[in-house]
Structures are given as structure tokens and as C-alpha cells.
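> If you're matching positions, the sequence shown starts at 24 in the numbering used here and goes up one per residue. Note that CB positions come from ideal geometry on N, CA and C, so glycine has one too. Nothing here was measured: the structure is a model prediction, and the numbers come from that model. The following block contains the structure, expressed as C-alpha cells.
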Amino acid sequence: MTIKPMSPFLGAEIEGVNLCGTLSSEVFAAINNALLEHIVVVVRGQKLSPKTYVEVMSQFGVPGKQSHSEELHRDHPEIWIIDSRNSEIDAAGKRMVFGSECWHTDHTHLQKPPKLTSLYAVRLPETGGDTEFANAYRLYGRLSAKRSETVSKLYVIYGADRHLTFREADRDSFSVPSRHPLVRTHPETGRRALYIHPLKMQSIEGMTTEESETVVNELLEATIDLSELYRHQWRLGDLVLIDNRACLHKAARDYDPTVGRVMHRMIIEGDRPV
């Protein structure tokens, strides 16, 4: 097994490993350490049945509850089937690219958001369908000392009702707002990272929604450096692991959603951000 960095900033590809079956303690430790170091880990060429996928990811922790009940796998509800052909319709009557609206980390509306998200490529368009990733440690590190001190004191109130793609039945399941710091400390690395999901944000504590959106938009505009992103170009059978505690990501609007892009997504339970 070899680990090949994909960029100087984040992302690594692991070669020479077959995830079908129980991982040895050595292989699991190597993958987990790579995830902590590189934030995003790519394992290509996997042939994972839904059952095997759940078994593999369960070795990283407890699979979390997904939020889109109508699109969960019938036999394995730990898996959310993200099919672009089922995405929301925008005001112009066109299918939206799910996850492309903003830079975000996943499931901030939960009291204990997931530590890990995994995406497994099942169907892809002929071209496009990429996903972009940003190192949230570096986003925080790009702030001036004065601004980082100010931002580090802010807390964000989240709720699923701020997210366009939640069905009514699912909104009721996540009706209790969550409160998380805008800058969190990674529980394993001890490093500080920008932590945000703008679409699920109700407000920054002590600010109006409009003021909060201005603060977050200015933060992202000031810290996202396009030259430091990792842009993953998907292949069938790719399994991508994302450390939600240290990464923001966004789907690229570089394909027609009606042609079909299907990902199987799982999340692994995490701790309350601090």
C-alpha cells in the first residue's frame, strides 16, 4: 500500500489496497493517519456492494443518520443515494447540482455533526461532475491575528430548515437548532479550522441573518484560494473519504444533472465541535 499526495495543500491517493473485507489494524491505521494528515483520501477502483460499503465504513465509527429519507438505500438506510436526476428544480426550471451552492462542511444542523463523510462513485457523466475541496486549517490560518481573534469568539446557530433540499418529513426530525463555533479545534490534531455551512446557518449568535451572511461571505471570499484547492475528477469505483472537521467542499457545476451522476454517501458520527 502506498500513499501519494495529490497536492501540497490537501488530498492523497492510496494505492494497492482492496477495501472488500475487514481491514487489518495496520491498514486501517495507515488510512486513518493519511486522512488526518491529508484531510481528503482517495481510494480508486473499488467494487463495493452496498453491504460491503457499510461494513467498510463501520470500521471508522458508527454510521450516522442521513437526512433525506426518500433517497436512502432500501436495504441499507445508512447510505444516501445522491442522484443528480432527482435534485431540486431551480427558479428557471432546471435541475440543480446538489452541493454546489456554497463551500460547506456536512450536517452542521446536528448537535454532533459527522467527523467523516464518504462518497462512492456509482454512475458518472461522460465529462465533469467534479468535487472541490479546501483545507479549512489554511482558511483559518489566512486570517489576520486581529480577525482570527474576533472570529474565534463567534458561534453559529444552525437548523435544517435553512436547507432547500430537506423534505418536510425530514425537517421535523432535525427541528432543534444546533450551536457550533465558527472556528473549531480538531479533536485529534489539535489544529484550528474554519467550520461553516452557510445554507444551514440561521444566524451568527448576536447578529441578524443578513449580518451573519455578510460576515460568512466575506470570510470565505478572503480565505478561499483557488490555487490551493484539490479538485477531484471522479472515476467509477472511487471511494473518497473527507475529514469534515478540517475541510470545506463544494460540487462543481460542470455537467448536466439530467444525464445522471450517482454517489453513495455515508457519514460517520462525530463529537460536538469545540
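Compare the Cα-Cα distances from R295 to each of E236, N158, H132 and report the closest residue.
In the sequence shown, residue 295 corresponds to position 272, counting from 1. Nearest option by C-alpha distance: H132.
> So, with DSSP's three-state summary, where would you put R161?
Along the sequence shown, read from residue 1 onward, the residue named residue 161 stands at position 138. R161: helix per DSSP, three-state reduction.
> Verify whether the separation of the beta carbon atoms of F156 and H272 is less than 7 angstroms.
Translated into positions along the sequence shown, residue 156 becomes position 133. Translated into positions along the sequence shown, residue 272 becomes position 249. Yes, Cβ-Cβ distance for F156 and H272 is below 7 angstroms.
> How far does the beta strand (DSSP E) with K273 in it extend, from its first residue to its last?
Translated into positions along the sequence shown, residue 273 becomes position 250. Residues 270–274.
> What are the boundary residues of the beta strand (DSSP E) that includes K27?
Taking the first residue of the sequence shown as 1, we reach residue 27 at position 4. Run containing K27: 25–28, per the beta strand (DSSP E) assignment.
> Express the C-alpha separation of V206 and R161 in angstroms, rounding to a whole number.
By one-based count along the sequence shown, residue 161 stands at place 138. By one-based count along the sequence shown, residue 206 stands at place 183. Spanning the two alpha carbons is a distance of roughly 12 angstroms.
> Just curious, the alpha helix (DSSP H) that M119 is in, first and last residue?
Here residue 119 is taken as the residue at index 96 of the sequence shown, counted from 1. From DSSP, M119 is part of no alpha helix (DSSP H); its letter is neither H nor E.
> Out of E111, D113, H91, A115, state which residue places its alpha-carbon closest to the alpha-carbon of I104.
The residue given as residue 104 occupies position 81 in the sequence shown. Nearest option by C-alpha distance: H91.
> Answer with buried or exposed for R288, where buried requires no fewer than 16 other C-beta atoms within 10 angstroms of its C-beta.
For the purposes of this step, residue 288 is taken as residue 265 along the sequence shown, with counting starting at 1. R288 should be labelled buried.
> Suppose you measure from the CA of V145 to the CA of V282; what does that come to, to the nearest Å?
Translated into positions along the sequence shown, residue 145 becomes position 122. Translated into positions along the sequence shown, residue 282 becomes position 259. Roughly 13 angstroms between the two C-alpha positions.
> When the Cα of E101 is compared with those of S110, N109, G84, I112, which residue comes out closest?
Your numbering for residue 101 matches position 78 in the sequence shown. Among S110, N109, G84, I112, the Cα nearest to that of E101 is on G84.
> Quick one: what does DSSP say S226 is sitting in, helix, strand or coil?
For the purposes of this step, residue 226 is identified with residue 203 of the sequence shown, where counting begins at 1. S226 falls in the strand class under three-state DSSP.
> In this structure, does DSSP put H287 in helix, strand or coil?
Sequence index remark: in the sequence shown, residue 287 carries index 264 (1-based). Three-state result, H287: strand.
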